[in-house]
Structures are given as structure tokens and as C-alpha cells.
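Numbers given in this note's numbering equal positions in the sequence shown, counted from 1, plus 3.
Heads up, the beta-carbon is just placed ideally off N, CA and C, and yes, glycines get one too.
Worksheet: the structure to be examined is printed underneath.
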Amino acid sequence: MRSLFICCIFCMVVIPTSHAQKIKYGNIPSDQLKMQVCPFDDEAGAVVLSDVGEAWMQFDASGRLMVMADRHVRVKILNSTGYDYGNVQIPFYSGLSGDADISGLKAQTIIPSGNKYETVKVEKSAIFEEKTNDYNTTVKFSFPKVDDGVIVEYKYRIESRYFQPIRNWYFQRRIPVMFTKFEAIIPDFFDCSVNVVGHHSDAVSYNRTTRTDDNWLNNIHQFEGSNVPALKKEKYGTNIRNYTTKCRIAIRSYQFPGRFIEKVGGSYTEFNKTLLESDQFRQIDQKLKFLDDDLALVQRSDTEYEDIGNIVQHVRTQVNFNSYHDFSSRNSVKATMNGEASNSGAVNLYLTMLLRHAGYEVEPLILGTRGYRRPHPFDPTNMDFNHLVALVTDQKGKSFLVDATSDLPNGQPKISVFNAQGWVISSTKPRKVDLSQIGVAKIMVKSNLALEPEGSSAQHTEIRSNYLGLHALSDGMAYTADNYEKYLKDDKGFALKEFSETSSGANTTIAYSCPIEDLSAKKFLYVTPAFEHVLDYDIFKNEIRNTPLDIPYRINLTNIIDVPIPEGYVVESMPESRKYTLGDDEMKFSILFNHSEEKIMINMRFKVNKNFYLQDAYPDIRAFVGEIENTLNEKIVFKQAN
């Protein structure tokens, strides 16, 4: 699916590369040798001096279409923070048969000495090629003598005997780029959409020309960028490449001479039709009798959620998951069921069809994970998606996702799944699904602050928190007692008192103690209640954000705290009740304080109903979160009674 083989019956056609002037390998200008800081980013530890590439298509001697790509990279190491750029990894899609490889790889370290320089080659024995998984290969090497001021340079060619769109070219990196150029030469019998996207697209120029070679008309797409700023990773974002300035080339269709037009991409409707006609997804609406026998091996339950969990567990024991994530697969459902090595698309299609045989309303949903990319909103290609999960609609009409390749209980998906939109492959009801609206983190915290001295300088309180759904299942913190104890101790300075979880794993109850400032020996006692902070407030310290704010799921927090009035004290003052709203109920926060003769009662609620915000909304969100943080830092003041 991701790779489509095409054999052409007509004679070999060669589409030559451009004859545009190139940056010569090993010819280093004196200004690059002498450079000590990046001219437009004095904090950079390294800078890309040049990154030049060409891509084109040609037919080999057997009439098989090939995609060729040359690349030449030159990086200046400025200081020790840039030493990592002396280690290079070149990943490429090699497929099961190894029908793609790297050739002509050359690499060297250039050590400046005034206007002269010494070169140290990377020996062939220091270049390693390893199979990342069944489909991907990575070439790795490290430059010798990496130090302040050196230049590292390498070039290579990838020859791919797979018909696939020419891969995106990234003009932007995590370090600044002084010069970048890319040229794509595409025969006119390919209908493509070509565009530059990203937040610094104004730094890139684009020019399109045509040229006839061997009686074929070629479209030549030329891109050039200079002084492209570094793009730095920020929390509450997805894969940084989603926002990187790049050119995107998507093939919609092709028509070789004397042949019918073949659709590859286009609208989601066309995309869905193409998928349904493939060998893999043609199985969706088939009644496969062998699944009845397979289902008979499952220990069934009268409880819907537990029954689905049992089916998920059965699938896990049957399959041989090869740890590779892709939505497409060559495997049949039966082959996957019988233990043939399978990727996530094959495993979860098998799960989808087994759940259907069990009587559940289930559909296959494809997506791009948070570590991969956001699918294009209207012009999809196979490369936009790298995972498939089962979309289940329960008896109450509520939808949720199930993933047999997740290691969480009952196939609950990891947070990385909740990325923008997914697409339901269906012959009757194909549609986009807003994944942020599928997931929700529900947190109920009920606390009693028992102001009991521990030692001479601290008081503690016990807090019980009930986590439902996604907040307890985040990728960064598996909900085990050991992990949570470490999280509380290292991040908050709290001590875990109790940990329990339900059989489903969707609920987690935590009891922990946290320090309270103890000034009881004096006239006044100041208490800051221990609120549950759902968002990481530290990320809002920066005045400017470079990438969109992308919270993976909705949040619904209720925090109820009772603060007993200590014996011998009265309430001197307490914070005012407040309510904040961002936009049209996009985020809501409220806190209510009441007190009786025995205790102060606090009811705090926080909701996140909208998950994705562009950078121009960041100042308002930052101000909103700042108000919440200031409110939560206010103290209750008790005064000794006379």
C-alpha cells in the first residue's frame, strides 16, 4: 500500500537530473572556515552551511520505475552543544526485499587552519547499515575529530525501486540553516500538488519550469531558502516536523502513454475508494468463517468493557507483532491470526474484524501518531498515516479507541494516538474523526487536610485522587505504584501512602502526603492547599511560542478539598472565589471558597474543551494560565484565637 510496484511494458526512459550549478564537495569557502558564530543566531551550537538535494524519476533497464535522490550536507560545529551533529543517521524505506539502497556515500571532517584546512575522511569500516525493522534501514556513522570550529560534510544517493511520492524536503532543522536548495524533476504524466508549508515559508522561494527530455515533458520544481531559523521542540506539541518549513509533493494520479489514468491521491473520498479496493481492506466487509472458530477460544464476559478486553488479550496472544507501525500491510487477516510477523495495521485489522464477529460496532480508523505527523486536512496520501486502531461504538453510542499493539490494559491506546484527525475506512460511512474529542482525562480529587505536625518543622496532609481514563495512562508515566512513587517524590516532593487500581486499569486511586508550611509556633498559620495541577505551568513562562499548542485530550478536573480549622485558631483571611473563561468556553476555571466553624470547603473545577491553538492565541492562553497559577498560590491564613 505505502509502496506500489509498477512495471512498464514500454521501452526504458531516462529522466535526467538538472544541470544547475552545485556546491562542490570538499571546496570550502574561507568565510565558512573562519566562522565562529551563526550570523543570525548567536546562541546556536551548530549551523547548516548548506543542504542541497535533487530528486527525479527514471525507468531502469527492465522498465521499472525508480525514484532517485541526491543529497549534499555541510554543517559547521560552533561549540560543544553542537557536537551531536557529528553523528549522522540516514533512514530510508528499504522494504521487505531490500529494493532501495544508498550509494556513493562520502563523508569527511574539515579542520580549519586560517585560510587552509585539513580533511579527515570517514572510513568505510566506520559506516554501519542496520535493519531498523522489516521495512526500514538506517545508515549510521560518526565524524572523527569533532571539535569547536570544524566542518562536517557528507553526500549520498538513494535509489528506490518503489513507486512512491518524492519525499518531503525539510528546509528547516533544529539548528539554523544558512542555505538550502531542492530540485524535484517530475514527468508530466504525474499529476502532483506541490507546495511549501511551515511557519517560515516566507524564507523559501519557489520556481517552476518545464523542459523536454527524450520526448518527455518534465516539470522542474525549484526551491531555495536562506537564513532559515532553527525550530525548537516545545512541550504540548506533536512531532516537530509537523511545523517545520518544508516542501510537500503529493502525487494524485498518473497516466503512462497508452494506459488508463491511475488514481493515487486526491480527496478523502477518492482515497477511501482506493483503500477499499486494495487487498488488505477488501477484507473488511467479508464474513470470514474462520473467525468464528477463533472467537470460540475467547473467554467471554457479560460486561461490555471486560468482554472487549478479553478479545484484545486473545489477539495479543495470537499475533506476532513486529513492532513496526504502519496502517497498511500485505498480510491477510488469517495470516496475522496464525502468527505471521505483522505490523500494527495488520494486528488491529484482525482485532477489528474479530470484534465485529463478536457483535460489536467497530470500524478501522487510520491516523498519524503524535511522533509521526498530522494528516493533511484535504489532500491525503498513504505517507500521512502510520497506524490503524479499532474505533468502537458502545451500547450507549459513545465511541472509544482500542489498540492491540498498546501495552496498556484492555487495549487502551497510548497518548501518541490522539493526534489531530483520523480517517474511518468504510464502504458505507467513511469520515474524518476528531481524535481530541475521543479522549478525555477525568480527574476527581477529594482531600482532607489533617493539620497534624510531623516532627518540629513540617505538617502533612493526605490527599486521595481518582484518575479516570487518559490522564492515568500517559506515555510519560505508566500508572504503577513504583513509577507513581518516583513521580511524586522527584517532581513534587510528596510521599506515596497508598496505590490501588481497578481491574480495567481505567481508574487509578492515589493517596499521598504533601508538605504544608508550618508556622504554628507563631501567631499566624499560612496554608496553601495542595491542588492538582493538570497542565505544566512552566511551559507558559516564555513570552513567545514558536509552534502551535496541541494538548492531546480534553481535561475535566474536579478538586474538592476540606481544610479543618486547627484547634485554637480562627480564619483570618482566605482567597476570594473566582471564575475564568478563555474564549467561547475553550477553557474554564472556577474556584469557590466557603467556611463554617469547623472547616473551609474548597471546590475547584478546570475544563479544557479545545485542544489545538495556533501561536497567535498563545498570549491569551498564557495570561489565562497565569491567572490560575496566581490563584492557586494564594494562602489561607489562620490566626491564633485569644
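In the three-state scheme derived from DSSP, where H, G and I count as helix and E and B as strand, Arg625 is classed as helix. Of Val78, Ala103, Asn139, the smallest CA-CA separation from Asp150 is found for Val78. Asp34 carries a helical assignment under DSSP once its states are collapsed to helix, strand and coil. Shown here, Ile105 sits in a strand according to DSSP, grouped into three states.
Ile188 is positioned such that its CB atom lies closer than 7 Å to that of Ile223.
The criterion of a C-beta distance shorter than 7 Å is not satisfied by Asn385 and Thr241. For Asp410 and Tyr375, the gap between their C-alpha atoms comes out near 19 Å. Distance check between Thr248 and each of Leu357, Glu307, Arg177 places Arg177 closest, using alpha-carbon atoms only.
Under the rule that a run must span 4 or more residues, no alpha helix (DSSP H) segment is found entirely inside the stretch 550-626.
Contact annotation, Leu52 with Ile154: C-beta distance approximately 7 Å; criterion of less than 8 Å satisfied. DSSP, reduced to helix, strand and coil, places Tyr327 outside both helices and strands of the structure shown, so it counts as coil. Rounded to whole angstroms, the separation of the alpha carbons of Asn389 and Thr339 is 18 Å. For Lys276, there is no enclosing beta strand (DSSP E); the enclosing alpha helix (DSSP H) has its first and last residue at 271-279.
Straight through space, the alpha carbons of Val628 and Gln225 are spaced by roughly 44 Å. C-alpha of Val76 to C-alpha of His328: approximately 29 Å in a straight line.
For His224, the secondary structure class from DSSP, reduced to helix, strand or coil, is strand. As DSSP reads the structure, Ile154 sits in a beta bridge with Lys79, Ile113.
Burial of Leu234 is indicated by the presence of at least 16 other C-beta atoms within 10 angstroms of its C-beta.
Sorting Thr634, Phe174, Leu560, Ser430 by C-alpha distance to the C-alpha of Thr531 places Thr634 at the top. Nearest in C-alpha terms to Asp87, of all of Glu601, Lys127, Lys134, Lys143, is Lys143. A check of alpha carbon separations from His598 across Ser208, Val573, Asp102 identifies Val573 as the nearest. Asp305 is classed as exposed because its beta carbon has fewer than 16 other beta carbons within 10 Å across all chains shown.
Assigned with DSSP and collapsed to three states, Ala299 falls in coil, not helix or strand.
Counting only runs of at least 4 residues, the stretch 164-200 fully encloses no alpha helix (DSSP H) element at all. As the crow flies, the alpha-carbon of Asp102 is around 40 Å from that of Cys41. Straight-line spacing of the CA atoms in Asn606 and Ser145 works out to 57 Å. Taking every protein chain shown into account, the CB of Phe95 has 16 or more other CB atoms within 10 angstroms, so this residue is buried. With respect to the 7 Å criterion, Gly48 and Asn82 are classified as neighbours on the basis of their beta carbons.
Taking the Cα positions, Ser128 is about 12 Å away from Lys109. DSSP, reduced to helix, strand and coil, places Gln440 within a helical segment of the structure shown. Phe263 counts as exposed, since fewer than 16 other beta carbons sit within 10 angstroms of its beta carbon.
The continuous stretches of alpha helix (DSSP H) do not include His390, which lies in the beta strand (DSSP E) extending over residues 390-396. Two segments are said to touch when three or more pairs of C-beta atoms, one from each, lie closer than 8 Å; by this definition the stretch 559-571 does not touch the stretch 422-438. Distance from the Cα of Glu366 is smallest, within the candidate group Arg373, Leu404, Arg333, Val336, for Leu404.
By the criterion of at least three beta-carbon pairs nearer than 8 Å, the stretch 349-359 is in contact with the stretch 304-318. Short of 7 Å from the beta carbon of Gln302, and not among the five residues preceding or following it, lie these beta carbons of its own chain, in chain order: Asn313.
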